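Chemist:
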Amino acid sequence: MDFTIHTDEELEKSALLKDLFGDVLPKMEAFKHKLTQEGEERGIIGPRDVDIIWERHILNSAAIVPFIESSTDGQRFKTVADIGSGGGFPGIVVAACLPDHEVTLIEPMERRVEWLNECVDQLELGNVRVVRARAEEYIHTLKHDKALHPFSVVTSRAVAPMTKLSGWTLPLVKHSGQLIALKGRSAPAEVRKAAKEIQKSGGRNPQVLEAPIAEGFEPTHVVIIDKK
Numbered sequence: 021m022d023f024t025i026h027t028d029e030e031l032e033k034s035a036l037l038k039d040l041f042g043d044v045l046p047k048m049e050a051f052k053h054k055l056t057q058e059g060e061e062r063g064i065i066g067p068r069d070v071d072i073i074w075e076r077h078i079l080n081s082a083a084i085v086p087f088i089e090s091s092t093d094g095q096r097f098k099t100v101a102d103i104g105s106g107g108g109f110p111g112i113v114v115a116a117c118l119p120d121h122e123v124t125l126i127e128p129m130e131r132r133v134e135w136l137n138e139c140v141d142q143l144e145l146g147n148v149r150v151v152r153a154r155a156e157e158y159i160h161t162l163k164h165d166k167a168l169h170p171f172s173v174v175t176s177r178a179v180a181p182m183t184k185l186s187g188w189t190l191p192l193v194k195h196s197g198q199l200i201a202l203k204g205r206s207a208p209a210e211v212r213k214a215a216k217e218i219q220k221s222g223g224r225n226p227q228v229l230e231a232p233i234a235e236g237f238e239p240t241h242v243v244i245i246d247k248k
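Count the sequence shown with our numbering and you get residues 21 to 248, in order.
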């Protein structure tokens, strides 16, 4: 099935954004405005994405939110780590949509950490902590700092193939928690290829599920892996 890419101008004239985001829409509009004004210049988005920020980045990121909600349903402490947050996809979107979740954005590049902190301040996201670190560094810190705890859910988007991503993320997931990674069409093949690495890192029951965005939009995919 062929899908048409929806421009930002089209979406902003429709009721779809309000239907999808509800009361969170003003924060998402502020995030989109910042991306439009500064994103390309600061290397957060590419030049081809400037007119399709809503669909390519924000709506794509929002597709992961129902899976996180389902994973943390009923938990008293709902903690999420986004590995390689980059421009805030999906971490900033997740934090805005799920204000009752504590979200940690883990990003190694200083200029992107600066960007993330600006977004957190401008969107007034009181449930977010930004950490400058590589995933491997944070795993080491987690093992040696008793004040830190593994997360209910760890997310990522466009960071690395599953052969690498499983080792960078699953050690950060608590017992019975989940890795929920946004992936493209290659997800099933990536999961098959990473079977040994997933098991070695304490993962089990890997699944690839379609993550719908809205009617008429090409769905994305999530890889969900349970932590033993």
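Using N, Cα and C, we set each Cβ at its ideal position, and we do this for glycine too.
Quantities reported herein were computed from a predicted structural model and do not represent experimental measurements.
Is the segment 186–204 touching the segment 234–247 in the sense that three or more CB pairs, one from each, lie closer than 8 Å?
Modeler: yes
Chemist: Using beta-carbon positions only, say whether G197 and P170 come within less than 8 Å of one another.
Modeler: Your numbering for residue 197 matches position 177 in the sequence shown. Your numbering for residue 170 matches position 150 in the sequence shown. Cβ atoms of G197 and P170: closer than 8 Å.
Chemist: Note down the Cα distance separating R154 from P128, rounded to an integer number of angstroms.
Modeler: Your numbering for residue 154 matches position 134 in the sequence shown. Your numbering for residue 128 matches position 108 in the sequence shown. So the two alpha carbons sit approximately 5 Å from each other.
Chemist: What three-state label does DSSP hand H241 in the structure shown?
Modeler: The count along the sequence shown starts at 1 and reaches residue 241 at position 221. H241: strand per DSSP, three-state reduction.
Chemist: Note down, one range per segment and in chain order, each alpha helix (DSSP H) of at least 4 residues found wholly within the segment 91–134.
Modeler: With a minimum length of 4 residues, the continuous alpha helix (DSSP H) runs that stay inside the segment 91–134 are 111–117.
Chemist: Identify the residues that DSSP records as bridge partners of I200: which are they?
Modeler: In the sequence shown, the residue the question calls residue 200 occupies position 180. When DSSP reads this structure, I200 sits in a beta bridge with T175, I244.
Chemist: Give the straight-line distance between the Cα atoms of E29 and P181, rounded to the nearest whole angstrom.
Modeler: Here the question's residue 29 lines up with position 9 in the sequence shown. Here the question's residue 181 lines up with position 161 in the sequence shown. Taking the straight line from one Cα to the other gives about 33 Å.
Chemist: G59 to V133, Cα distance in whole Å?
Modeler: In the sequence shown, the residue the question calls residue 59 occupies position 39. In the sequence shown, the residue the question calls residue 133 occupies position 113. Approximately 14 Å, taken between the alpha carbons.
Chemist: Check each candidate in K220, A214, C139 and name the one with the smallest Cα separation from Q227.
Modeler: As a first step, residue 227 is located in the sequence shown; it is residue number 207 there, counting from the start. Nearest of K220, A214, C139 to Q227, Cα basis: A214.
Chemist: Using 8 Å as the Cβ pair cut-off and three pairs as the minimum, do the segment 91–100 and the segment 116–128 touch?
Modeler: yes
Chemist: Could you check which residue in A201, V211, E156 has the C-alpha nearest to that of A231?
Modeler: Counted from its first residue, the sequence shown places residue 231 at position 211. Here the closest residue by C-alpha is A201.
Chemist: For V44 versus S81, is the C-beta distance shorter than 8 Å?
Modeler: Looking up residue 44 in the sequence shown gives position 24. Looking up residue 81 in the sequence shown gives position 61. Contact flag unset, no.
Chemist: From E32 to W135, what does the alpha carbon distance come to, in whole angstroms?
Modeler: For the purposes of this step, residue 32 is taken as the residue at position 12 of the sequence shown. For the purposes of this step, residue 135 is taken as the residue at position 115 of the sequence shown. Cα-Cα distance, rounded: 24 Å.
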